[in-house]
Ligand code: NCD
Ligand code: ZN
């Protein structure tokens, strides 16, 4: 069959986004809002968003950072700490502020110093979430320095996530940014209460790309990209149309100076190119007919929300996107993700 020259789908949502705050928020939010109707906003600010009142005021700052003509709804999350208060979790859910809570194992990734040190510490909070139908979003990596960085997701599934599912049989869980074939198999085997998000960058390249011709700080994120067999498993899962895999870009801006240095930050800024890269992957897999399920239907279904009514059209034309965007006030910029391989889809 010839490859179509355009594709029209319901407007997509992004179920995993870092928007930051202050000048970075003002520079980045528009790029997510141009592509997506709604986004799950990650709470790993400094300090993290742990209180309902903080999440509500952060939501206001996000709304103000998005141009009025773009319709965009930020969906807020609570950052779980060892001291997470079950009553605060429930109140935020009931007041329509929190859609979910995010579990960062302490020190697993960027701004996770306040994360959870043991699942026992948050058991009461998780019970409350289970009863309220509030999903738990999981950064699925163990943090023990002895575990090889490429094995941290697979070990987390065995050591932490499987026991957690047993202990909380009604809790809805999203394994965020799945990067391994083990992660794909775990989601597939877990039944309807477990979903998985997949990023555009983990679909686009494998770990070789991190070291192609030298070290590539702008391809560094956590969980780190794995080998080709894992990338293949992710592409199969995302493009299969299976209901429990959905779009989550994990767009995570850092200024260029904090990535191009001796100890660079983890995080990839892909918001301006996200849908174009996903479309490219689906086209390469001959699965453009499954793009709408992954980008616009499966996520809302998992979260119990209606899909968007509006449609977007993408065209088969070379990607047009800036190399970097400026962050106002301070002469800093953020490098935009560009895959090494051609992207032939555009808005
Ligand atoms: C994220 C960030 O920069 O906030 N970084 C990343 O590499 N993905 C944190 C995260 O989601 O792990
Ligand atoms: Zn993230």
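Residue numbers (this note's numbering): 122 to 468. The beta carbon of each residue, even a glycine, is placed where N, CA and C say it ideally should be. Here the structure is a predicted model, which means the values were calculated and not measured.
For residue 260, there is no enclosing alpha helix (DSSP H), since its DSSP letter is neither H nor E.
By the criterion of at least three beta-carbon pairs nearer than 8 Å, the stretch 160-173 is in contact with the stretch 192-210. Residues with their Cβ less than 6 Å from any non-hydrogen atom of the ligand NCD, running along the chain, are 139, 165, 230, 231, 232, 260, 342, 343, 371, 373, 387 and 388. Here the stretch 315-334 does not lie against the stretch 208-223, with fewer than 3 beta-carbon pairs under 8 Å apart.
Secondary structure in the stretch 271-352: the beta strand (DSSP E) runs of 3 residues or longer, each lying completely within the stretch, are 294-296 and 315-319 in chain order.
Remark: three or more beta-carbon pairs, one from each stretch, lie closer than 8 Å, so the stretch 381-399 and the stretch 146-155 are flagged as touching. In the DSSP assignment, residue 378 falls within the alpha helix (DSSP H) that extends over 377-380. As summarised for the stretch 155-231, the continuous alpha helix (DSSP H) elements at least 4 residues long and confined to that stretch are 173-186 and 207-215, given in chain order. Bounds of the beta strand (DSSP E) holding residue 448 are 445-448.
Judged by DSSP secondary structure, residue 437 falls within the beta strand (DSSP E) whose first and last residues are 432-437.
Looking at the DSSP output, residue 453 bridges to 448. Residue pairing by DSSP places residue 129 opposite 434 in a beta bridge.
The beta carbon of residue 163 sits closer than 8 Å to at least one heavy atom of the ligand ZN. In this structure, the ligand ZN has a non-hydrogen atom nearer than 8 Å to the beta-carbon of residue 297.
DSSP, reduced to helix, strand and coil, places residue 142 outside both helices and strands of the structure shown, so it counts as coil. The closest CA to that of residue 359, considering only 400, 375 and 372, is found on 400. Counting the other Cβ atoms within 10 Å of the Cβ of residue 347 gives 16 or more, which makes it buried. In its chain, beyond the 5 residues on either side, 296, 299, 315, 316, 317, 358, 365 and 366 have a beta carbon closer than 8 Å to the beta carbon of residue 308. Following the DSSP letters along the chain, one finds residue 367 inside the beta strand (DSSP E) bounded by residues 366-368. For residue 240, there is no enclosing alpha helix (DSSP H), since its DSSP letter is neither H nor E.
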